[in-house]
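The sequence shown begins at 3 in our numbering and counts up one residue at a time.
The beta carbon of each residue, even a glycine, is placed where N, CA and C say it ideally should be.
Okay, structure first, notes after.
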Amino acid sequence: MLRKIALAIVLALPLGTMATAQDTAPDYDWRAVIGQSVKVQMKINAEFEVSKERVVPVHFTMGVPFSKGKLLTRTRFPKQTGNLGEMQFLSLDKTLLEYVTILVGKVDAETADERLKRLFALIDEQVYPSLTPPPTAKILGGRITKIAGHPAVEFVSLFTHPEQGPVAARIVGVIAPNQTDVVIFVQQTMRDEMGLAGPDELAKTFAGVMLSSLTFQAYRDASGVLVGF
């Protein structure tokens, strides 16, 4: 069950603490791999729409970390409906390190404060429950932040997946420059495999680095015409 805390209070809280996943460092040094990786552009644009037979209300790019011989990446971008895309980062022995889901949506509100509150409510009431966290899940908190200079809301929870083990779930909703469209980025990081030092390090992992490179390109107006930012 989700906790019932006044939204204004939740948005003002810093993220809680996160116990170290392992007493010893993990065998996979993801920090070194990220430092040596190149970023391959993931483009959600007109070509993407044609190839996936779907219309996307907001176009954007992200740089996906790539390191040949050190990191495996699997992607799934379904046609027509469903989540915009899903991505897995794995070690060479195919151990899952992180799982990313990308969605788009809208928040209609008059003020910046109200838009952030509605975005947080969307994450809290719909996106987070879709992960089916167990009753023992620990919500570290939510906060207002910025991603690549854009207003955003961040939500972090810890739980144990029956197959993957301890997971840190980070859900970030980013508001586009047109103040209506949003990109929602769901990051599930395997804590035992990544050995995170704390919740703030979630922004530095493969998924975190990917999100930090978010660049909005265009949006569709009321008539469906693409308008550049």
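Does glutamine 190 pass the burial test, meaning 16 or more other C-beta atoms within 10 Å, or should it be called exposed? Stepping through the sequence shown from its first residue, residue 190 is reached at position 188. Buried, because 16 or more other Cβ atoms sit within 10 Å of the Cβ of glutamine 190.
When you compare each of Asp202, Asp223 and Arg172 to threonine 103 by their alpha carbons, which one comes out closest? In the sequence shown, the residue the question calls residue 103 occupies position 101. Threonine 103 has its Cα closest to that of Arg172, out of Asp202, Asp223 and Arg172.
Cα-Cα, which of Val40, Leu124, Asp183 and Asp126 is closest to glycine 71? Here residue 71 refers to the residue found at position 69 when the sequence shown is read from its first residue. Per the Cα distances, Val40.
Considering only their Cβ atoms, is the gap separating valine 109 from threonine 182 smaller than 8 Å? In the sequence shown, counting from the first residue as 1, residue 182 sits at position 180. In the sequence shown, counting from the first residue as 1, residue 109 sits at position 107. It is a contact, given that the beta carbons lie within the stated cut-off.
Could you tell me the alpha carbon to alpha carbon distance between phenylalanine 68 and glycine 151, rounded to whole angstroms? As a first step, residue 68 must be located in the sequence shown, where it is residue number 66. As a first step, residue 151 must be located in the sequence shown, where it is residue number 149. If you take the alpha carbons of phenylalanine 68 and glycine 151, they lie about 24 Å apart.
One or two residues paired with valine 40 in a DSSP bridge: Within the sequence shown, the letter at position 38 stands for residue 40. Note: valine 40 sits in a beta bridge opposite Phe68.
Ends of the beta strand (DSSP E) at phenylalanine 230? Taking the first residue of the sequence shown as position 1, residue 230 is located at position 228. The sequence given here has glycine at residue 230, not phenylalanine. First-last of the beta strand (DSSP E) with glycine 230: 228–230.
Throw me the rounded Cβ distance for the valine 211 and alanine 220 pair, which I believe falls under 8 Å. Counting from 1 along the sequence shown, the entry for residue 211 is found at position 209. Counting from 1 along the sequence shown, the entry for residue 220 is found at position 218. Going by Cβ atoms, the distance from valine 211 to alanine 220 rounds to 24 Å, so no, they are not a contact pair.
Coarse secondary structure for glutamate 88, derived from DSSP in three states: Translated into the one-based positions of the sequence shown, residue 88 becomes position 86. DSSP places glutamate 88 in strand when its eight states are reduced to three.
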